[in-house]
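For the sequence shown, UniProt numbering gives the first residue as 1, with consecutive numbering after it.
All residues carry an ideal CB built from backbone N, CA and C; glycine is no exception.
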Amino acid sequence: MPSPSGFVSKWFSFNLDVAAPVIRKVHNDSALAIKGREVAGDLSGTCLFLVGMMGCGKSTVAKDISEALSYEFQDSDKLVEKAVGATVAKIFSDSSEEKFRAAESEALNQLSETSNVVVATGGGAVVRDENWRYLKQGITIYLDVPVEALAQRVVAAGLEKRPLLVASGPDNSPGNAHEQALARLSKVYEERNKAYERADLKISVAKIASELGRDLNELPPSMIALKASVRRNAKAH
Ligand SMILES: Nc1ncnc2c1ncn2[C@@H]1O[C@H](COP(=O)(O)OP(=O)(O)O)[C@@H](O)[C@H]1O
Ligand SMILES: O=C(O)C1=C[C@@H](OP(=O)(O)O)[C@@H](O)[C@H](O)C1
Ligand SMILES: [Mg+2]
1 MPSPSGFVSK
11 WFSFNLDVAA
21 PVIRKVHNDS
31 ALAIKGREVA
41 GDLSGTCLFL
51 VGMMGCGKST
61 VAKDISEALS
71 YEFQDSDKLV
81 EKAVGATVAK
91 IFSDSSEEKF
101 RAAESEALNQ
111 LSETSNVVVA
121 TGGGAVVRDE
131 NWRYLKQGIT
141 IYLDVPVEAL
151 AQRVVAAGLE
161 KRPLLVASGP
171 DNSPGNAHEQ
181 ALARLSKVYE
191 ERNKAYERAD
201 LKISVAKIAS
211 ELGRDLNELP
221 PSMIALKASV
231 RRNAKAH
């Protein structure tokens, strides 16, 4: 039978193991809330636009930032779906990418005239010059995530939601779903890298993970949101 003191120390070490992630989350959430209030004062209503590759976490992280700032959250893909009356995948398959891009530009145009909104843009929003006129009405934040991690996430989430990663016509590309997604994402990244760099602020998720000694995929979105919260003068660089 274990001694009472042995039992007590075992009990506490067990509970610390279980509680550590919870404590970290509570700590992180309250740090985000404090920083949110501070940053919201500086922003005075200026919109934030998150840009970056498919799967980098724009939709997830933008929601956390909006809550911390007491801002509204909008996802340009959702606005496009509402305006067209079809899912992104359906717009691509039944109409064309061009139709999707036109509706995306219109959604960004409307969002650029609002205030107190954090916007998750679609990964391709940075490609059209016209869109930068809208994005630059607010502060743009590039969430940079390595393509290897993007491939894991988009395959896990299901590729059907991201038509650009699904082969059109007979697919003769070698490899499994992960390898195919990785190859397509790498190509898209090559084409868009420079456009993402036009953002006012770049958040390297790999760098945050390495500074915190954490795995890239186990970094809570709220922690990324904390690093991505900006001051008004972020536009100056
Ligand atoms: N920090 C994170 N760590 C691990 N997975 C994440 C993280 N942020 C988002 N994800 C997951 O990655 C996938 C893509 O996220 P999402 O926010 O939709 O990206 P985006 O809008 O940039 O395409 C989702 O399944 C989401 O749950
Ligand atoms: O990179 C792209 O061109 C796209 C990204 C998607 O949004 P997410 O970046 O939220 O996946 C969506 O807008 C559409 O499938 C096209
Ligand atoms: Mg999204």
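Shown here, E72 sits in a strand according to DSSP, grouped into three states.
Secondary structure of D200 (DSSP, three-state): coil. Residue selection by CB proximity (closer than 7 Å to any heavy atom of ligand 3) returns K58, S59, D75, D77, A120 and G122 in chain order. Relative to ligand 1, the beta carbon of R192 is positioned no closer than 7 Å to any heavy atom. When C-beta atoms of the region 149–160 are compared with those of the region 180–199, three or more pairs fall below 8 Å, so the two segments count as touching. The beta carbon of P163 sits closer than 7 Å to at least one heavy atom of ligand 2. The Cβ-Cβ distance between L216 and A228 does not fall below 8 Å.
Between the alpha carbons of P221 and G138 lies a gap of roughly 22 Å. Three or more Cβ pairs drawn from the region 111–130 and the region 57–72 lie within less than 8 Å of each other, which places the two stretches in contact. Classified as buried, E104 has 16 or more neighbouring CB atoms from the shown chains inside 10 Å of its CB.
If you ignore the 5 residues before and after A225, its C-beta comes within less than 7 Å of the C-beta of L32, V61, D64, I65 and A68, all in its own chain and listed in chain order. The region 128–137 makes contact with the region 107–115, as at least three CB pairs between them are under 8 Å. Between the C-alpha atoms of V84 and K35 there is a straight-line separation of about 37 Å. Counting only runs of 3+ residues, the beta strand (DSSP E) found wholly inside the region 81–162 occupies 117–120 and 139–144, in chain order. The DSSP-derived three-state label of L219 is coil. Between ligand 1 and I224, a heavy atom-to-CB distance of less than 7 Å is present. Taking C-beta atoms as the reference points, D129 and S204 fail to come closer than 8 Å. Listed in chain order, the non-local C-beta contacts of A199 below 7 Å within the same chain comprise V51, T140, I141 and Y142, local neighbours out to five positions each way being set aside.
Using a cutoff of 7 Å, the CB of A181 does not count as near ligand 1, since none of the ligand's heavy atoms is closer than that. Cβ neighbours of V127 within its own chain (closer than 7 Å, five residues either side excluded): R192 and A195. DSSP places V166 in the coil class of the three-state scheme, outside both helix and strand. When the five nearest sequence neighbours on each side are left out, the beta carbons in the same chain lying within less than 8 Å of the beta carbon of N28 are those of P220, S222, M223 and L226, in order along the chain.
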